[in-house]
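First the structure, in the form of structure tokens, and then the observations on it.
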Amino acid sequence: MNDKFLKPYNPEETEKRIYKLWEESGFFNPDVCIEKGVTNKDALKYSVMMPPPNVTGILHMGHALMITIEDIVVRYQRMLGKKTLWLPGTDHAAIATQSRVEKDIAKKEKLSRHDLGREELLKRVNQFAKESHDTIVSQLKIFGASCDWSREAFTLDEKRNLAVRTAFKEMYDTGLIYRGHRIVNWDPKGQTTISDDEIVYEERKAKLYTFKYSKDFPISISTTRPETKVGDTAVAVHPEDERYQKYIGQTFNVEFCGVPLTIKIIADKHVEKDFGTGALGVTPAHSMIDWEIAERHDLPRVQVINEFAKMTVGGENILGKKVTDAREIIVEWLKSENLLEKEEEITQNISTAERTGGIVEPMPKLQWFIAVDKEFTLKDSKIKGIESGSKTTLKQIMRTVVENNQIEIIPNYFDKTYFHWIENLRDWCISRQIWYGHRIPVWYKNEEIYCDTEAPKDADWTQDEDTLDTWFSSGLWTFSTLGWPESTEDLKTYHPTNLLETGYEILFFWVARMVLMSGFFLGEIPFEKVYLHGTVRDAQGRKMSKSLGNGIDPIDVANKFGADAGRMALVVGSAPGIDTKISEDKIKGYKHFSNKIWNITRFVLSSTTDFDVNAKITQADEIISKEFNETILDITKDLEALRIHIASEKIYQYVWHTFADVIIEDSKKIILEGSIEEVTSRKKLLVELLENSLRVLHPFMPFVTEEIWQSMGKENLLMIEKWPSTK
RNA sequence: GGGCGAUUAGCUCAGUUGGUAGAGCAACCCGUUUACACCGGGAAGGUCACAGGUUCGAGUCCUGUAUCGCCCACCA
Numbered sequence: 000m001n002d003k004f005l006k007p008y009n010p011e012e013t014e015k016r017i018y019k020l021w022e023e024s025g026f027f028n029p030d031v032c033i034e035k036g037v038t039n040k041d042a043l044k045y046s047v048m049m050p051p052p053n054v055t056g057i058l059h060m061g062h063a064l065m066i067t068i069e070d071i072v073v074r075y076q077r078m079l080g081k082k083t084l085w086l087p088g089t090d091h092a093a094i095a096t097q098s099r100v101e102k103d104i105a106k107k108e109k110l111s112r113h114d115l116g117r118e119e120l121l122k123r124v125n126q127f128a129k130e131s132h133d134t135i136v137s138q139l140k141i142f143g144a145s146c147d148w149s150r151e152a153f154t155l156d157e158k159r160n161l162a163v164r165t166a167f168k169e170m171y172d173t174g175l176i177y178r179g180h181r182i183v184n185w186d187p188k189g190q191t192t193i194s195d196d197e198i199v200y201e202e203r204k205a206k207l208y209t210f211k212y213s214k215d216f217p218i219s220i221s222t223t224r225p226e227t228k229v230g231d232t233a234v235a236v237h238p239e240d241e242r243y244q245k246y247i248g249q250t251f252n253v254e255f256c257g258v259p260l261t262i263k264i265i266a267d268k269h270v271e272k273d274f275g276t277g278a279l280g281v282t283p284a285h286s287m288i289d290w291e292i293a294e295r296h297d298l299p300r301v302q303v304i305n306e307f308a309k310m311t312v313g314g315e316n317i318l319g320k321k322v323t324d325a326r327e328i329i330v331e332w333l334k335s336e337n338l339l340e341k342e343e344e345i346t347q348n349i350s351t352a353e354r355t356g357g358i359v360e361p362m363p364k365l366q367w368f369i370a371v372d373k374e375f376t377l378k379d380s381k382i383k384g385i386e387s388g389s390k391t392t393l394k395q396i397m398r399t400v401v402e403n404n405q406i407e408i409i410p411n412y413f414d415k416t417y418f419h420w421i422e423n424l425r426d427w428c429i430s431r432q433i434w435y436g437h438r439i440p441v442w443y444k445n446e447e448i449y450c451d452t453e454a455p456k457d458a459d460w461t462q463d464e465d466t467l468d469t470w471f472s473s474g475l476w477t478f479s480t481l482g483w484p485e486s487t488e489d490l491k492t493y494h495p496t497n498l499l500e501t502g503y504e505i506l507f508f509w510v511a512r513m514v515l516m517s518g519f520f521l522g523e524i525p526f527e528k529v530y531l532h533g534t535v536r537d538a539q540g541r542k543m544s545k546s547l548g549n550g551i552d553p554i555d556v557a558n559k560f561g562a563d564a565g566r567m568a569l570v571v572g573s574a575p576g577i578d579t580k581i582s583e584d585k586i587k588g589y590k591h592f593s594n595k596i597w598n599i600t601r602f603v604l605s606s607t608t609d610f611d612v613n614a615k616i617t618q619a620d621e622i623i624s625k626e627f628n629e630t631i632l633d634i635t636k637d638l639e640a641l642r643i644h645i646a647s648e649k650i651y652q653y654v655w656h657t658f659a660d661v662i663i664e665d666s667k668k669i670i671l672e673g674s675i676e677e678v679t680s681r682k683k684l685l686v687e688l689l690e691n692s693l694r695v696l697h698p699f700m701p702f703v704t705e706e707i708w709q710s711m712g713k714e715n716l717l718m719i720e721k722w723p724s725t726k
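Structure representation (structure tokens):
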């Protein structure tokens with residue numbers, strides 16, 4: 000027996016060395032497995048694309064959970080003998096990364112991005128992204144990720160950029176990408192548009208003012224934003240509101256705080272009779288809802304606020320003023336004119352930009368969109384329910400694949416949430432006015448527009464200044480990572496992937512967009528199963544955050560208790576879709592388990608030095624062996640069904656409370672007092688149980704099991720051993 | 001306002017197709033020169049939120065109620 004077993008298990012000394020051993024073996028790469036005869040050339044494939052962590056900093060517990068679940072599945076599949084590919088990567092996370100760097104620069108150097116200029120800023124962001132990438136990669140390794148680093152991808156590297164340009168052009172040529180003057184969410188602080196999903200609502204106190212535009216205007220209206228009223232072109236009332244019937248269809252000319260307005264009275268079902276005065280001042284250019292009303296009634300749309308949230312109309316009392324200042328000035332004016340009827344305090348949800356915290360100003364802008372309801376012909380379709388050559392829409396693709404169970408979402412109640420989101424989906428605004436990201440492959444010359452993967456040959460074309468929403472490139476992830484648009488071997492072999500494992504909070508952001516992209520470009524699903532894990536919370540159930548200071552750093556955990564312990568603590572009993580709480584106590588428990596496995600080995604090895612492989616097994620031992628096989632079969636079924644939270648608990652239970660507490664305890668007596676037959680049989684059994692326990696434990700706790708395997712003097716790596724057969 | 005989920009032991013949570021309620025932690029008793037105190041044995045602890053229903057049988061399926069949580073929309 001190796002002397003190592005005389006001391007307690009020391010993860011700190013072990014884990015880095017073991018990871019290096021795996022990495023140098025090359026077996027994370029399925030091609031190497033085939034070359035070296037570990038995997039059969041014709042074996043089934045199993046592929047998983049790692050959700051690329053953002054290069055905005057360091058790994059958190061959520062990443063650790065993601066890595067653990069994926070690594071368990073991947074190691075299990077590899078041990079089954081499948082051609083297993085787990086492809087890692089990182090995400091440039093456009094706006095998140097740029098604003099992170101901008102903040103740093105503003106703080107340290109008191110400079111804005113405009114002071115630096117596009118080129119210099121990008122240099123800085125790239126530098127930051129690189130450092131962040133290196134940190135993240137080293138952290139993924141600490142947690143034991145058995146992914147194929149030789150295929151690593153970045154959403155903003157050259158290959159992915161080609162994929163993005165190709166994708167844009169194809170969608171543009173099909174007419175699904177269009178440029179439109181539409182109302183968008185403008186973030187004045189970040190100076191960019193943002194998507195609906197990048198908005199967070201904050202509850203705030205606000206004043207609701209009720210007033211008339213002028214003395215001779217017949218209807219009072221209510222608003223929390225009087226300054227936008229200089230852009231009103233209508234007052235909308237409910238079609239059945241008796242109070243206002245006689246005014247519907249009339250037009251009034253008024254002078255509102257020095258600005259002449261033409262207000263048409265219209266009837267629209269959207270207006271609620273019971274809110275405020277039952278009349279809504281319609282500001283088409285600065286409210287989503289009002290824009291839609293304006294579209295229905297063909298109203299003029301007047302922009303009165305600019306990109307810096309400053310007024311663009313009015314006399315010098317308001318022109319050029321910030322919206323908040325203009326609001327006060329207009330309220331003062333209303334008071335002085337005796338037009339203000341009521342002023343009440345209400346709480347309202349205000350839209351703010353997720354990344355910058357700026358208050359979102361809806362305004363009309365010329366932006367690029369993806370049409371989700373527009374019909375196009377899907378040439379080659381492998382999607383069930385959509386024939387090759389038939390007409391479909393992106394929305395229909397997204398709905399169909401889940402509806403007909405071609406993609407299974409785990410837990411399946413998320414189907415409903417998914418469908419609900421799709422029903423309410425509007426065209427996707429994909430252009431962003433930031434610099435870090437994929438530049439839109441469109442060039443302009445006078446009135447001409449040119450879209451291609453490469454710049455036009457002749458000069459005097461200027462490229463669109465904007466970049467793409469980061470989710471555009473993430474949407475291509477399952478196939479851009481495999482070499483698309485080229486028709487590579489990898490793409491043929493590994494797509495569609497078998498599993499996408501990610502947090503439920505990005506079901507819409509990302510999962511749905513991958514379905515959209517894969518459906519459009521390949522006519523197939525991006526993955527067969529979606530496993531949604533929950534949020535990792537602290538012991539009190541709070542979200543981990545910097546401001547609370549309650550975060551647990553996965554790397555600290557690995558250093559203190561070992562990555563194996565951290566992995567088990569994250570996974571045992573934490574069902575898909577359910578948030579999970581983690582505490583040091585829980586992790587410590589699994590550190591003890593690592594040591595338990597270590598000591599089981601010590602006992603078994605020290606008491607079976609003379610064991611005989613050909614020993615005859617007694618009936619009693621045969622039963623024990625069979626029972627273990629049944630447990631393994633059980634665990635195998637759980638793993639096949641991705642019930643990882645149950646599989647991990649079962650092997651823990653078996654190893655500690657059956658193998659150690661019962662079988663080993665009994666063995667002590669048998670070895671001392673049993674007949675020769677009983678002793679030789681038992682020794683053989685103990686070795687068999689130990690080896691198969693290590694095999695089954697390996698996906699969950701790869702480091703300690705591999706270290707034991709190596710210390711037992713085995714020739715092969717445990718990571719490429721075969722999963723125990725369960726005949 | 002719309003949707004989704006949760007409610008099981010003191011705490012944290014599992015519970016596959018309906019078949020006698022499970023784990024970890026905590027607490028209690030006992031043991032321990034031993035593979036391991038990063039230990040072992042034992043006992044205790046639950047009207048599975050509530051009310052109906054389906055069924056031979058319900059924690060599990062259906063209906064309703066209550067409380068909590070999350071997501072989406074957003075009232076001008």
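For what it's worth, numbering that gives the first Met the number 0 labels the leading residue of the first sequence as 0, then goes sequentially.
We put the CB at the ideal spot given by N, CA and C, even for glycine.
No experiment lies behind these values; they were computed from the predicted model shown.
- In chain order, His-532, Val-535, Leu-569 place their CB closer than 6 angstroms to the CB of Leu-64, counting only its own chain and leaving out the 5 sequence neighbours on each side.
- Rounded to the nearest angstrom, the Cβ distance from Ile-182 to Met-362 is 7 angstroms, consistent with a contact under 8 angstroms.
- Cys-32 carries a helical assignment under DSSP once its states are collapsed to helix, strand and coil.
- By the C-beta density criterion, His-285 is buried, having at least 16 other C-beta atoms within 10 angstroms.
- Lys-321 and Phe-507 have their C-alpha atoms spaced approximately 35 angstroms apart.
- When the alpha-carbon of Ala-614 is set against those of Ile-645, Asp-633, Ile-631, Lys-682, the nearest one is in Lys-682.
- A Cβ-Cβ distance of about 26 angstroms is found for the pair Thr-487 and Ala-93, leaving them out of contact under the 8 angstroms criterion.
- Shown here, Glu-315 sits in coil according to DSSP, grouped into three states, outside any helix or strand.
- Per the coordinates, the alpha-carbon of Ser-389 lies some 37 angstroms from the alpha-carbon of Lys-268.
- In summary, Asp-620 is buried, with 16 or more beta-carbon neighbours lying within 10 Å of its beta-carbon over all protein chains present.
- DSSP lists no bridge partner for Glu-485.
- Look at Trp-476 here: in three-state DSSP terms it is helix.
- Distances from the CA of Leu-121 to each of Tyr-435, Val-678, Lys-3 were compared; the closest alpha carbon is that of Tyr-435.
- Between Glu-706 and Ser-624, the C-beta gap is not smaller than 8 angstroms, which leaves the two residues out of contact.
- The C-beta of Asp-273 has fewer than 16 other C-beta atoms within 10 Å across all chains shown, which makes the residue exposed.
- Taking C-alpha positions only, Leu-79 is separated from Gln-347 by approximately 56 angstroms.
- Contact holds between the stretch 145-158 and the stretch 68-86, because three or more Cβ pairs, one in each stretch, are under 8 angstroms apart.
- By the neighbour-count criterion, in which 16 or more other beta carbons inside 10 Å mark a residue as buried, Leu-684 falls on the buried side.
- Annotation for Glu-527: the continuous beta strand (DSSP E) segment containing it runs 526-532.
- When Arg-295, Thr-679, His-62 are compared, the shortest CA-CA separation from Ser-137 is found for His-62.
- In this structure, the beta-carbon distance from Arg-512 to Ile-349 does not fall below 8 angstroms.
- Bounds of any alpha helix (DSSP H) do not take in Ala-538, whose DSSP letter is neither H nor E.
- By the CB criterion at 8 angstroms, Lys-590 and Trp-655 fall outside the cutoff.
- Taking Met-310 as reference, the option from Pro-299, Arg-694, Ala-325 with the minimal CA-CA separation is Ala-325.
- The stretch 301-319 makes no contact with the stretch 160-175; the number of CB pairs closer than 8 angstroms stays below 3.
- Beta-bridge annotation (DSSP): Glu-360 is paired with Trp-185.
- Beta-bridge annotation (DSSP): Arg-178 is paired with Trp-367.
- Look at the stretch 269-352 and you find these whole runs of beta strand (DSSP E), each 3 residues long or longer: 278-281, 339-352.
- For the stretch 372-458, the full-length beta strand (DSSP E) segments reaching 3 residues or more read 375-377, 389-391, 407-409, 441-444, 447-450 along the chain.
- Beta-bridge annotation (DSSP): Met-516 is not paired with any residue.
- The three-state secondary structure of Phe-27, taken from DSSP, is coil.
- About 15 angstroms separates the beta carbon of Met-48 from that of Trp-470, a gap too long to meet the 8 angstroms contact definition.
- In the same chain as Thr-13, and ignoring 5 residues on each side of it, the C-beta atoms closer than 7 angstroms to its own belong to Phe-702, Glu-706, in chain order.
- In the DSSP assignment, Thr-501 falls within the beta strand (DSSP E) that extends over 496-502.
- Take the alpha-carbon of Leu-693 and the one of Leu-5: they are about 19 angstroms apart.
- By the criterion of a C-beta distance shorter than 8 angstroms, Asn-403 is surrounded in its chain by Lys-383, Gly-384, once the five residues flanking it on both sides are discounted.
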